[in-house]
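Below is one structure, written out as structure tokens, with a few remarks after it.
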Amino acid sequence: MIKKEDEQKVAEEDILRTLGEKNGDASLKSLMEEVQSSGSAFSRAIENIEKKNLIRLENNRASLTDKGIKKADDILRKHLVVENYFKESRGAAEAHSIAHIFEHRLSEEAIKNMESLYNLREKGEPLLKLKPYEEGLIVNIALPDSKLFERVVSMGIFIGEKVTVAGKIPGGVIIKIKNKKFVVDKNIAEYIRVIKNG
Amino acid sequence: MDKIKIVLVGQPNVGKSSLLNALVGPKVVISNYPGTTVEVTKVQKTFDGIEMSFLDTPGIYSISDRSEEEKVTEKILFEEEIDGVIVVSDATALERSLYVLLQIMEADIPAVIALNFVEDARSKGIKIDCKRLEKALGISVIPINPITKKGIDDLLNSLLRIKDKKVKFRVEYDDHIEEAISQISSKLKETRLPKRFISVRILEGDEDFYKYLGDEKILDSIKKNLSEKHPKIDRDIAVTRYGIASLLAEEATQIVHTVRGEDIQEKVDRLLLHRSWGPVITMLILVITFGVLLYLGNLLQSILMDLTSNFLSFLHITGNSMPDIVLARSLTGLAAGISIALPYVFLFYLLLGLLEDMGILSRFIVNAERFFGKFGMPGKAFIPLALGLGCTVPATKATRVLSSKREQFYVASFLSFVPCSSRTAIIMGVVGFYGGIRLAFYVFLTLLMAALIWAFAIKKLYHVSREPLLLELPPYRKPLAGNILAKGWFRMKDFIYVVIPLLMVGGAVYGILDAYNITHMVVQPLSVITSWLGLPDVTIIPLTFGFLQKDLTGAMLVSVLGSNISSVLTPVQIYTFGVASAIGIPCINAFAMLIREFGFRRAVSLTTVSIGYGILFAGLLLRIIFIF
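In order, the protein sequence lines correspond to chains A and B.
Mapping the first sequence onto our numbering, position 134 (from 1) lands on 134, and the numbers just tick up by one.
For any residue, its number in our numbering is found by taking its place in the second sequence, counting from 1, and adding 1000.
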């Protein structure tokens, strides 16, 4: 379920990620097959990332620039996190394959998965690092106080949610999750770890 | 007649009060709930021959024992005999409402979902499949609209049968947690509440439930066994519960379309939450509000005072006999009370309710946080402090918006420096009138200075562990007049029943003491204070009796010193008098309110310390002025 306005962005990121997986160089034809986007979105995406100096185009082949390699790594890492999280923990996109975790008792395997989710916390950075209007994905909420943790979670601030920073105040940060806005103390926000989007 | 007792539960701003109004109609009987500092309303209605009573609990996101609101809700849900719960839910964020629902269902309490904001959700492209949710949870899910009354009858009908409902759905945790649950369950004493539920609460660390455990050591050994797989079991329970809530929500939610671009809400927020515009607009609205309130208050006061004196002369009450004095003084007290109550209390609370229901107040709190945060004061403190400009009594009560008693007490102490309308009247009427407007301005400035020094000192002496700020900014909404009126009345009731009688009694007591010339007896022993302040001994009378009824200070100063004050007192003395009478807990009514909110001991110590600080401060300042 991809929103139309995201389609080009998805295509761009897929191209960069696929190039990264192929050691930074591939023919446009093979890229187009792998990325599976419509022809027009694909060519717009190629045009756009070339303009951003992320790839070089030569003889119908695309190769990553230094800047592009870095970007591709970022996307790959993010992709892994998102994939891990959604596949193994909450199962928003692949709800059915995940449903058994919650519908029945958690298996040994599921616990391991949860543990691996906790391991991702090191990869995120504190929510406070996001600048106004930047978007990120919450990968961990490491609040030491369990009751505060429950409060945060029950408000809908949860691992796997997309978060946008809507503003900053001296003592904290204003965030937006799913059309809901919150003011979060910096003492809480520093424990909310996110991976930057884009 | 059959009776059923229903509790309304839901997040803040989910529309519980609106639903209550829609359920019971305009004849709402609102009563305070005994023994709590948080407002709980209880109303009754007869429907289909059954007497239904509804308890409206404070807004919460989860049932734990962290905040005062949660404790109250927990107590009502789990310690009282109730027949069922209405979980008022937000169709635009279903998973959050389901979290609380799951907690309630764990206690085997029958529940129904009243799904609010369905139209809102639809306009955002979100459609909720109620049938599917009903099937998954085994409970009724009823879309409602408190404004159009849609779904209200369906809701009432479903409540008729709620007693017989069995809770079918239950949250299953992983093997290890389940094992811990059954281990604890086997050790529990027999109670009304399900053992599984008590075990989960115990594992979550809710100390209120430890009493069901015969031996607390069992818990330690169980937790120790679990520590390998679940070092943070309470957290894993919350995660599982939220996971199930969001899974259920996702299955029942259909995204029909997504909304593009910024809506009007976002545009208003860009302005109201703007780094510089936000605070400017907040200040502007506050200044205009208080300007209007001050104007109305003064107007009303002069009208009422005229009416009172006309009424007294109409009755030929001269003020010579004791009953006359008592009547005259208590009527004056009543007039003073009404002239504070109507504009500062009632109008202000109506406005506060309006801003709150429209969603604007929370933005103001954010803007106040930008400023107050620098002094280590929570942004929410701005509500009682602003209210303090009108009258300290309702302002003291309004400290309840803060999350802990300690924080409340801390903010209440600052009300000593916020000039209420009566103190403003002294500063303007005595200092400004006899010493010039510039001197009056210096007094205001001195109050600010005294407050800043207090803030600095209190930070060192009284450790206030600030509750971390965690606040939802609700969407802007159209306000409902009925809600605001009900809320306004609820908030000002105390003032009418407590403060106004006290003002009348205070006035009468003062009249009696004055008639018997007892007031002069206090002059001699307290001359230490007046000499420290560099004031004539007799000024202790207006200073002391100002505490009974602030509005008398000016008149009493004239009565002890004669009307030509500027020839008796030097400008410095007038200034010192102004400062000494403006700092501190202003009057006996505010003192009474402090007792109600914080208990006798704390009220006495705060009053003594703040008045002492005011006198010390004014005297020290005097000496500094003389150095130069």
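From the three backbone atoms N, C-alpha and C, an ideal C-beta is built for every residue, glycine too.
Practice task
Could you tell me whether the Cβ of E1095/B comes closer than 8 Å to any Cβ of chain A?
Solution key: yes
Problem - Helix, strand or coil at R1400/B according to DSSP, with G and I counted as helix - result: helix
Practice task
Leaving out five residues on either side along the sequence, give the residues of the same chain with a beta carbon under 7 Å from the beta carbon of G24/A.
Solution key: S63, L64 and I69
Handout entry: Distance between G1379/B and I1541/B (C-alpha atoms, nearest Å)
Key = Those two C-alpha atoms are separated by around 38 Å.
Exercise for the section: Ignore the nearest five residues each way along the sequence and tell me which others in G171/A's own chain have a CB closer than 8 Å to its CB. Expected result: D185 and K186
Practice task
Would you check if the segment 1427–1442 of chain B and the segment 1491–1500 of chain B touch, i.e. whether three or more CB-CB distances between them fall below 8 Å?
Solution key: no
Practice task
Report buried or exposed for F1417/B, applying the criterion of at least 16 other Cβ atoms within 10 angstroms of its Cβ.
Solution key: buried
Exercise for the section: Starting from K168/A, follow its DSSP beta bridges and name the residues at the other end. Expected result: V173/A
Problem - Cβ-based burial, I1144/B [other Cβ within 10 Å; buried from 16] - result: buried
Handout entry: E125/A, DSSP secondary structure in three states
Key = Three-state result, E125/A: strand.
Practice task
Could you tell me which uninterrupted alpha helix (DSSP H) segments, each at least 4 residues in length, are contained entirely in the segment 1312–1345 of chain B, listed from first to last along the chain?
Solution key: Correct list: 1322–1340.
Handout entry: Span of the beta strand (DSSP E), counted from its first residue to its last, around E58/A
Key = I55 to E58
Practice task
Report the residues of the segment 121–139 of chain A with a CB closer than 7 Å to any CB of chain B, ordered along the chain.
Solution key: Contacts with chain B (Cβ-Cβ distance below 7 Å) from the segment 121–139 of chain A involve no residue at all.
Handout entry: Three CB pairs or more closer than 8 Å across the segment 1503–1511 of chain B and the segment 1324–1333 of chain B
Key = yes
Practice task
Would you check whether the ligand MG has a heavy atom nearer than 7 Å to the C-beta of T1332/B?
Solution key: With respect to the ligand MG, the structure shown offers nothing to examine, as it has no ligands at all.
Exercise for the section: Report yes or no: is there a C-beta of chain B within less than 8 Å of the C-beta of E150/A? Expected result: yes
Problem - Beta-carbon proximity of P144/A to A189/A, cut-off 8 Å - result: no
Practice task
Output yes if chain A places a C-beta closer than 8 Å to the C-beta of Y1655/B; else output no.
Solution key: Lying outside 1001 to 1628, the shown extent of chain B, residue 1655/B is not represented and no answer is given.
Exercise for the section: Compute the distance between the beta-carbons of A1555/B and A1580/B, then report whether it is under 8 Å. Expected result: no
Practice task
Report back the beta-carbon spacing between V1087/B and L1101/B to the nearest angstrom; my notes put them in contact at under 8 Å.
Solution key: The beta carbons of V1087/B and L1101/B sit about 5 Å from each other, so the pair counts as a contact at 8 Å.
Exercise for the section: Can you pull the chain B residues whose beta carbon is under 9 Å from the beta carbon of S43/A, in chain order? Expected result: Within chain B, no residue comes near S43/A; the closest Cβ sits about 24 Å away, beyond 9 Å.
Problem - Separation of P1279/B from L1273/B, as counted between CA atoms - result: As the crow flies, the alpha-carbon of L1273/B is around 8 Å from that of P1279/B.
Practice task
Taking only the alpha-carbon atoms, compute the straight-line gap between F149/A and E1204/B and give it to the nearest angstrom.
Solution key: Roughly 12 Å between the two C-alpha positions.
Exercise for the section: Mind listing, in chain order, the continuous alpha helix (DSSP H) runs of no fewer than 4 residues lying wholly within the segment 1032–1109 of chain B? Expected result: Counting whole runs of 4 or more residues, the segment 1032–1109 of chain B contains the alpha helix (DSSP H) stretches 1068–1079 and 1094–1106.
Problem - chain B residues whose Cβ lies nearer than 7 Å to that of K180/A - result: A1093 and E1472
Handout entry: Y1061/B beta carbon less than 8 Å from that of F158/A
Key = no
Practice task
Count the other C-beta atoms from every protein chain shown that fall within 10 angstroms of the C-beta of S1566/B, then say buried if there are 16 or more, exposed otherwise.
Solution key: With fewer than 16 Cβ atoms within 10 Å of its Cβ, S1566/B is classed as exposed.
Handout entry: Contained alpha helix (DSSP H) runs [length at least 4] in the segment 1181–1233 of chain B, N- to C-terminal order
Key = You should have 1195–1203 and 1216–1226.
Handout entry: the segment 1115–1133 of chain B contacting the segment 1189–1208 of chain B, beta-carbon criterion three pairs below 8 Å
Key = no
Practice task
Determine which residues of the segment 11–37 of chain A have a Cβ less than 7 Å from any Cβ of chain B, and write them out in chain order.
Solution key: none
Problem - L1271/B to G1359/B span [Cα, whole Å] - result: 14 Å
Practice task
Determine, using beta carbons only, whether Y1596/B comes closer than 8 Å to chain A.
Solution key: Position check: residue 1596/B holds Arg in this sequence, whereas Tyr was assumed. No, its Cβ sits nowhere closer than 8 Å to a Cβ of chain A.
Handout entry: Exposure label - L1557/B; buried when at least 16 CB within 10 Å
Key = buried
Practice task
Report yes or no: is there a C-beta of chain A within less than 8 Å of the C-beta of P1468/B?
Solution key: yes
Practice task
At 8 Å on the CB atoms, spell out the chain A contacts of F1273/B, in chain order.
Solution key: Looking at the sequence shown, residue 1273/B is not Phe but Leu. By Cβ distance, chain A contributes A166, G167 and I174.
Handout entry: Among G1562/B, V1568/B and I1518/B, the one whose alpha carbon lies nearest that of F1545/B
Key = I1518/B
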